[in-house]
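Take the sequence shown: its letter number 236 is residue 226 in the numbering used here, and every next letter is one higher.
We put the beta carbon where it would ideally sit given N, CA and C, even for glycine.
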Amino acid sequence: MSAFPATRLRRLRRTDALRSLVRETRLDLDAFVMPLFVAPEPLRNDELPALSRFTVEELVAEAGELVRLGVKAVLLFGIPEDKDEDATGAWEDDGIVQQALRTLRQEHPGLVLVTDVCLCEYTSHGHCGVLRDGEVVNDETLELLVRTAVSHVDAGADAVAPSDMMDGRVGAIREALPETPIVSYAAKYASAFYGPFREAAGSAPSSGDRKGYQMDPANAREALRECELDLAEGADVLMVKPALPYLDVIRAVRERFDCPVAAYNVSGEYAMVKAAGARGHLDERQAALESLTAISRAGADLIVSYWTKDLAAWL
Ligand SMILES: [Zn+2]
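Below is the structure:
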């Protein structure tokens, strides 16, 4: 018997063409969603360009560029002129997201418009729901979330994505919008990786934290319960957020449920690679592609990522 191995896995790694022939996971731009922030005033972010704020007018131009690059879907976040206790800016007819939707719908009819449905960008206290005696109250919040989702659909949204983590919100929205796809942030963790987003969206809570409604990072089984509930309430897509620190959760959701699974490659994941790339510690493009491949390999069918626009150029 030969002293050398008969099975040599290196045989298929010899050239780039051979490697690509047997590649198990491929990134497809069609599966990516670009988050966009719309505000009354623009705010450029030079370090983290994907976290810049656009006016409605600029947003139309940016969306046009995305469409030209082949991006199929965007996820809209709004920053209102004024914030109040009732998050009026979230659900009023001429709110910033509603204005953006009407214009985008007209200018880019083929682009899939998904909207984030939450109150934290619109409340004066920055929490995702109505605050009573320092507590975010669940059922009163549901009414405002439903109002917000309905106003988005009236203005042209293709799908709504509730991110608040109140109990029963998918069911409440489903009742009001039987025909609209709901992309549920089903397993959204109280994560330290949302920092740059909160700055971009101006949604940091002025007191306390979100641990009373977002999930404990230590829990994976609970994520499956959240997913099960959301599906039963009528969700069409289940999302795990963040992505990279929760690849095991993405995998578990993928194995348990047969609906599309989404993952949100959050601002902190993007910022870490950007910062390390800017300092020369690693190559941003390589690290980004590896990150996105890992999220896809874990089982995500669609990926919300701040690299979506870059990815369009890279692929
Ligand atoms: Zn929120």
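Given 8 Å, three or more beta-carbon pairs between the stretch 15 to 34 and the stretch 289 to 296: The stretch 15 to 34, when compared against the stretch 289 to 296, does touch it at the 8 Å Cβ threshold.
Residue 196 Cβ short of 8 Å to ligand 1 heavy atom set: Answer for residue 196: no, Cβ out of range of ligand 1.
Inter-residue Cα distance where the pair is residue 205 and residue 194: Each residue's alpha carbon lies about 17 Å from the other.
Through-space distance from residue 4 to residue 144, alpha-carbon basis: Residue 144 and residue 4 have their C-alpha atoms some 55 Å from each other.
Residue from 169, 161 and 107 whose Cα sits closest to the Cα of residue 153: Taking each of 169, 161 and 107 in turn and checking the Cα distance to residue 153, the smallest one comes out for 107.
DSSP state of residue 240 mapped onto helix, strand, coil: In the structure shown, the three-state DSSP call for residue 240 is helix.
Reference residue 150, options 207, 66 and 95, closest by Cα: Nearest option by C-alpha distance: 66.
Opposing strand residues paired with residue 74 [DSSP bridges]: Under the DSSP definition of a beta bridge, residue 74 partners with 113.
Per-residue burial, residue 142 [other beta carbons within 10 Å of its own, 16 or more giving buried]: Buried.
Residues with C-beta closer than 5 Å to any heavy atom of ligand 1, in chain order: The answer, residue by residue, is 108, 110 and 118.
Buried versus exposed, by CB contacts within 10 Å (16 or more), residue 186: Buried, since its Cβ has 16 or more Cβ neighbours within 10 Å.
Simplified DSSP state of residue 295, which is helix, strand or coil: Residue 295 falls in the strand class under three-state DSSP.
Euclidean distance between Cα positions of residue 13 and residue 80: The straight-line gap from Cα to Cα measures roughly 44 Å.
Cβ pair residue 224, residue 172 closer than 9 Å: One thing to note: residue 224 has its Cβ within 9 Å of the Cβ of residue 172.
Spatial neighbours of residue 115 in its chain, beta-carbon cut-off 6 Å, leaving aside the 5 residues before and after: Non-local C-beta neighbours of residue 115 in its own chain, meaning closer than 6 Å and more than five positions away in sequence, comprise 121 and 196, ordered along the chain.
Rounded C-alpha distance that separates residue 137 from residue 75: Cα-Cα distance, rounded: 15 Å.
Distance, residue 236 Cα to residue 247 Cα: Their Cα atoms are separated by approximately 17 Å.
Short CB-CB distance (under 9 Å) between residue 61 and chain B: In the structure shown, chain B does not exist; there is a single protein chain.
Euclidean distance between Cα positions of residue 291 and residue 299: Roughly 18 Å separates the two Cα atoms.
Pairwise C-alpha distance: residue -8 and residue 212: Taking the straight line from one Cα to the other gives about 52 Å.
Nearest neighbour of residue 254, chosen from 231, 72, 16 and 303 [CA to CA]: Closest option to residue 254, Cα to Cα, is 231.
Beta-carbon proximity of residue 19 to residue 73, cut-off 9 Å: For residue 19 and residue 73, no; Cβs fall outside 9 Å.
Residues near residue 256 by beta carbon distance below 8 Å, same chain, minus five either side: Cβ within range, chain order: 181, 183, 184, 187, 231, 232 and 233.
6 Å Cβ shell around residue 166 - same chain, five flanking residues per side excluded: Contacts found: 136 and 140.
Rounded distance between the beta-carbons of residue 90 and residue 56, thought under 8 Å: Their Cβ separation, rounded to whole angstroms, is 14 Å, which puts residue 56 and residue 90 out of contact at 8 Å.
Per DSSP, cross-strand counterpart(s) of residue 126: DSSP output for residue 126 lists 121 as bridge partner(s).
Residue 203 in three-state terms, based on DSSP: DSSP places residue 203 in the coil class of the three-state scheme, outside both helix and strand.
Residue range of the alpha helix (DSSP H) that includes residue 260: Residue 260 -> alpha helix (DSSP H) spans 257 to 268.
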